[in-house]
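Some notes on the structure that comes next.
There are 2 protein chains.
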Amino acid sequence: MQQAAAIGTSSLQGQQLHRRTPAAARRPGRAPVAPPVHAAQAQLGLTDKTHDGIVTSGNAYRPAGTVKRLPIAYSPEWNALREHTKEIESLHLRDLLQDEERTDSLVREHNSLYVDFSRQNVTQTTLQLLLNLAERAKLRTKMNAMFAGEHINNTEDRAVLHTALRMPRDEQVFVDGKDVVPDVWEVLDKIRDFTERVRNGEWVGATGKPLTDVVAIGIGGSYLGPLFVHTAMQFDEQCKNLSQGRKLRFLANVDPVDVAKALNGLNPETTLVIVISKTFTTTETMLNARTVRTWLTAELGQEAVAKHMVAVSTNLKLVEEFGIDPNNAFGFWDWVGGRYSVTSAVGILPLALQYGFEKMEEFLRGAHDIDCHFRDTPFQDNIPVLMGLISIWNSTFLGRSSVAVLPYCQALSKFPSHIQQVAMESVGKQVSIDGEPLPFKAGEIYFGEPGTNGQHSFYQLIHQGRVVPCEFIGVVKSQQSVYLKGELVSNHDELMCNFFAQADALAIGKDSATLRSEGVPEYLIPHKTFSGNRPSTSLLLPSLTPFRVGQLLALYENRVATQGFIWNVNSFDQWGVELGKVLASRVRTMMHTARTRSRRITITDGFNPSTRKMINRYLDGKNQMLYPEPRDVFPCDLIHSEGCDTKW
Amino acid sequence: MQQAAAIGTSSLQGQQLHRRTPAAARRPGRAPVAPPVHAAQAQLGLTDKTHDGIVTSGNAYRPAGTVKRLPIAYSPEWNALREHTKEIESLHLRDLLQDEERTDSLVREHNSLYVDFSRQNVTQTTLQLLLNLAERAKLRTKMNAMFAGEHINNTEDRAVLHTALRMPRDEQVFVDGKDVVPDVWEVLDKIRDFTERVRNGEWVGATGKPLTDVVAIGIGGSYLGPLFVHTAMQFDEQCKNLSQGRKLRFLANVDPVDVAKALNGLNPETTLVIVISKTFTTTETMLNARTVRTWLTAELGQEAVAKHMVAVSTNLKLVEEFGIDPNNAFGFWDWVGGRYSVTSAVGILPLALQYGFEKMEEFLRGAHDIDCHFRDTPFQDNIPVLMGLISIWNSTFLGRSSVAVLPYCQALSKFPSHIQQVAMESVGKQVSIDGEPLPFKAGEIYFGEPGTNGQHSFYQLIHQGRVVPCEFIGVVKSQQSVYLKGELVSNHDELMCNFFAQADALAIGKDSATLRSEGVPEYLIPHKTFSGNRPSTSLLLPSLTPFRVGQLLALYENRVATQGFIWNVNSFDQWGVELGKVLASRVRTMMHTARTRSRRITITDGFNPSTRKMINRYLDGKNQMLYPEPRDVFPCDLIHSEGCDTKW
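The listed protein sequences derive, respectively, from chains A and B.
The first sequence begins at 759 in this note's numbering and counts up one residue at a time.
The second sequence begins at 759 in this note's numbering and counts up one residue at a time.
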């Protein structure tokens, strides 16, 4: 155990020497960077003081299967927090919120980002105990290992470096001895060049027309993040001007209805298709890619593929086999997880086509700004770390199983879906990074809708039902200004009145005495009572520019990473999605077999009775439809050729 | 107590006499209807056998504040279920699913709707115990009271009759002695007439142009339901043809970004605006209505309002004050709750404009079909009742706090949001209908995304993290057919392979022995293990026509009602949304005062330090912007007038 620790530590510090010293030397004003001597790092929140376990880094994990560390849940710091819940449960936010000093001590600011934790069920003691837990969990060591390019995704033996995707050209970060920042910028430069040529009409389609419309085919991490950023930028005034006359659509679901939606009204002659799949084997994406390729070639011929289709992938061989010119493939790396890939070509290529590359650089700078804050700020002032710690406090210690993400900003309407993915796929795990069953539940259920919409939907429950920690996100300057003469406030003010009010309604509540004094009839009092004491965090952004969107993204990415480090799970693999894929493939094969042999699924096909009955019902239903096997079938309005007249 | 029971019962049966006998006599093939003699109703699931409490109906509730009934949670039936959890926890779905007889006994079918409960953690015993609980909770009595128009929404003293909105013309249902079906059809006939005139170009705008585009302004119940149905019908082939050349947009959020989105690219000359608000006082909706009115009149003059704006409301006085011709107001009634109003003018008017009235009649028939099934089918075969009971089993007894709604159908992408509202706003309550604190948690967190999208997002957690009961919804015949030559299966087949596979992956899982036999290295086995035994329901629809969309809607509405009846909460009020509104109004006033007096919020304004700091930060930020008070401000591309040049 001691030996393993020693190896882990020295290898970590070796990496740090490569990366951090030059960067820190170059950029004045950055928070102090820890020198590579361990003794000098003993400042709280800049390093870990406890050294009783192995360092969790790189391939050291595999042998660690036999060298077990005491789970975090059995540490004294964990127990102290459990004990502390009793004290917290005796306090009400109604009272805590009157304390001006407490408020001041629970507000954090970074680069005009304002975060108020005062409506969390915490005191200064809680924060200190959580910081102690972070130290016990070796949060700093794990963060450093991540930023240093160590293989912290141990089950896949990969580094985790989405943070490198937004590093300035002059930084360095080494993966297996190789600086990856130049690679990152090589792809970015290629994106800049390509997107400029498409946008200025230099790159044209098969019939010589400029490509004004883009369909980005991808699913999960290749979809939700780019969609969130697109939605967030769409009504920013500059972005709106930059995207004039252009369309960006996403195609994710393998459902042909989604194909119809994505292609509806588009003309193949002016459409550029981006196929986004890390491995270029994602079933849904590749079937959709073949479908859209057919749509293109039916109209423009086979040779149109080279002009109308490009790829974002790490698998150049399959890209070429598909018919896409490998020169038009934009790469990324195995150290970028799907759900963390928005800042790679996955997001930057389609978004730069829509808004221009400069806007995407702004976005990258925003994400990098938060990465630096996360990496360099002592924990007590580190916003993503505090968000992660408080999330653990709410879920693991106070037993709240869900989180509501509530942007008071319609432009962030897709943010909850993206964060739902980032959080639930990352830390929705049952075993520790070492493969030990967790003695607690990791991962929360994330959901959310933009306020004020959510207020008229599910807020009833969060005010008077189960306790759901809420994260309110507001913006000072709206992307759009609407003000009507004679109104008390502008439309955006009206929105923000709700942002301020809801957090207080949850925290403070309304008791029966108040209701009685207002003359509410006795039989209604229990129904109109609000217990209050319901936690929330308020996050106020100065505006919603691409830079701020980048900050918001990195804030949540790093907050989830924090949670994973403390719960000690691998936040960067996703084995839980594999079984469904295998079973789907089996159903596919059997379905094909049953069809071609004109038989039903039988008991010998190995499905349980329920599945057998359901598949047969489905096949029987399909058999009653006209199912023309020998040729391509498309909804007619998707295909512009004369011969299209076959419908079910 | 005895007296209250007697009054409740006799009044209920009086209503039944009015309504049920003629309907039953007219329509052969309907399930047998109980005669009004109580002794004859003692068939399980058609009436309640236990008579130890007061009948919960009508105004009898208010005095009941003092006459307490033993809460359901202290009943022997409740205890029996609690006891039974131990037995269920010893069983694994992997084994249960092998039992063909059990499968057959857990599948239900109604009018080609196929529902498979075999992947729930239940046995025949569980079902029987749940049915016993339903009886103890007087489910049948409460359902009858609802259908009979009694004031079961006791805190607002209202009937609950969204089911009357979809009754055929020849049925009757009495509210306070008046048959409401003729009123329902009067509005429907008016919608048919109006929408036909708009669609055929007879009704034109102020400049004589046909109104091809519709903006429906409404929030919560006036938004999510119509949006779900619109999305579900959009790519149905017939609906698509019927809506050729027409647009339907929704404007819900008071955020001006949502205004910009809704109006983007529309021309006031060809736009019809529907303002949807029951009271015509909903803050967000009315501000948006005034905003869009300004957009219209800036271009077309004040008199355009009569031609370009109509209302759905119960408040004709305010409609007229707003400037809308009361003849162009489409009414509904206090017995229609917002979240249950999709089948009222709230949904039917905008949707009939888009798709034609006939399609909406189909949709209403689908909802009515399920209402009849819910009302008339013995509980053991009653699909919404079984869904409700199993939801209670999962949440209250097995401790699962959330539900994932997973349509394998992109056209149902907005269904989870709508059901999130219906469920969480209805049963997310802390007190019983009599105002007693609940000794258990009512209401679950609903969330969901269409499969296969969700698979690549949050499914990791539902396979290997917290247990989340899932509801898979699939369709046999897709709205769109895409089949590529050379593929094993069609695109829709591919989608449905996942529908079948995911339910089995959750239920069956994969154990370490299997992984070992496949040669998975030891250190990966814990990460690749699936515990299985995770519950789900599979729902298979033959197609997604308007009729089927109506069925789906009513299925979930009635399922939520079932849960509310058993938990004994009022599913039809929503007091929990009031406090936020009051506080928002206070912020609005203070914000206006601070602005006009050029001061900041101070301690004397009564806000807590956190809110004071945040509002001041917001006001300071806004002050730095150009904020032109004396005239209307709009984003320039929303307004087509020459003079539009003011921007922040």
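Beta carbons: idealized from backbone N, C-alpha and C, even for Gly.
Cβ neighbour criterion (16 or more within 10 Å) applied to residue i
i: A/E1252; result: buried
i: B/V942; result: buried
i: A/M1383; result: exposed
i: B/L871; result: buried
i: A/L828; result: exposed
i: A/S1270; result: exposed
i: B/G1105; result: buried
i: A/I1082; result: buried
i: A/L1396; result: buried
i: A/D853; result: exposed
i: A/T1201; result: As written in the sequence, residue 1201 of chain A is Gly, which differs from the Thr given in the question. That one is buried.
i: A/V1391; result: buried
i: B/N911; result: buried
Neighbourhood of residue i by C-beta distance below 8 Å, restricted to the same chain and skipping five residues each side
i: A/N869; result: D1127, H1131 and Q1309
i: B/E1042; result: I977, A1010, N1011 and V1012
i: B/T953; result: L1107, A1110, L1111, G1114 and F1115
Alpha-carbon to alpha-carbon, residue j and residue i
i: A/V1163; j: A/V987; result: 16 Å
i: B/V1234; j: A/F1288; result: 46 Å
i: A/I1283; j: B/V1335; result: 15 Å
i: B/K967; j: B/N999; result: 21 Å
i: A/S769; j: B/F1216; result: Caution is warranted here: a pLDDT of 35 is assigned to A/S769, below 50, making its placement in the model unreliable, and the coordinate value is therefore given only provisionally. Approximately 34 Å between the Cα atoms of the pair.
i: A/W1091; j: A/T843; result: 43 Å
i: A/R777; j: A/Q1138; result: Note on A/R777: pLDDT 36, under 50, position unreliable in the model; the coordinate value appears next. Each residue's alpha carbon lies about 25 Å from the other.
i: A/A1312; j: A/D1129; result: 7 Å
i: A/A917; j: B/A1020; result: 44 Å
i: B/T1295; j: B/V1318; result: 15 Å
i: A/L946; j: A/T1101; result: 10 Å
i: A/G935; j: B/A1263; result: 40 Å
i: A/I1150; j: B/K1199; result: 22 Å
i: A/S980; j: A/S1099; result: 7 Å
i: B/I1177; j: B/D1134; result: 24 Å
i: A/M1024; j: A/R1051; result: First, the amino acid is wrong: residue 1024 of chain A is Leu here, not Met. Those two C-alpha atoms are separated by around 14 Å.
i: B/G1209; j: B/Y1281; result: 31 Å
i: B/G1157; j: B/G1146; result: 15 Å
i: B/N879; j: B/A1181; result: 22 Å
Own chain residues within Cβ distance below 6 Å of residue i, not counting five before or after
i: B/Y1241; result: S1248
i: B/P1393; result: A1018
Nearest-angstrom beta carbon gap, residue j and residue i [assumed within contact, 8 Å]
i: A/E1027; j: A/G963; result: 5 Å
i: B/Y1204; j: B/P1165; result: Rounded, the Cβ-Cβ distance is 13 Å, inconsistent with contact.
i: B/V956; j: B/L1111; result: 6 Å
i: A/A1062; j: A/T1055; result: 6 Å
i: A/V1015; j: B/F1257; result: Actually they are not in contact, since the Cβ atoms of A/V1015 and B/F1257 sit about 14 Å apart, beyond 8 Å.
i: B/V757; j: A/H1285; result: Residue 757 of chain B lies beyond the range of chain B shown here (759 to 1406); nothing can be said about it.
i: B/I975; j: B/V1033; result: 5 Å
Sequence-distant residues of the same chain with beta carbon closer than 7 Å to residue i, five excluded per side
i: B/T1420; result: An answer regarding residue 1420 of chain B cannot be provided, because it is not within the stretch 759 to 1406 covered by chain B.
i: A/N1073; result: T1037 and F1038
Problem set entry | Near-chain B residues of the region 1043–1072 of chain A - C-beta to any C-beta below 7 Å | Contact residues of the region 1043–1072 of chain A toward chain B are L1045, R1048, T1049 and T1052 (C-beta to C-beta distance below 7 Å).
Exercise. If you measure beta-carbon to beta-carbon, which residues of the region 849–860 of chain B are closer than 7 Å to chain A?
Worked result: L855, Q856 and E858
For this session: Give, in chain order, every residue of the region 1351–1366 of chain A whose Cβ lies closer than 7 Å to some Cβ of chain B.
Result: Per Cβ criterion, the list reads N1366.
Exercise. Of all the residues that make up the region 1314–1333 of chain A, which are near chain B by a beta-carbon distance shorter than 8 Å?
Worked result: N1328, D1331, Q1332 and W1333
Problem set entry | Contact residues within the region 873–904 of chain A, judged by C-beta distance below 9 Å to chain B | D874, S876 and R877
Problem set entry | Short-range partners of chain B found in the region 1210–1222 of chain A, where Cβ spacing is below 8 Å | T1210, N1211, Q1213, H1214, S1215, F1216, Y1217, Q1218, L1219, I1220, H1221 and Q1222
Exercise. Given a limit of 8 Å on CB to CB distance, which residues of the region 1366–1385 of chain A reach chain B?
Worked result: N1366, P1367, S1368, T1369, K1371, M1372, I1373, R1375, Y1376, G1379, K1380, M1383 and Y1385
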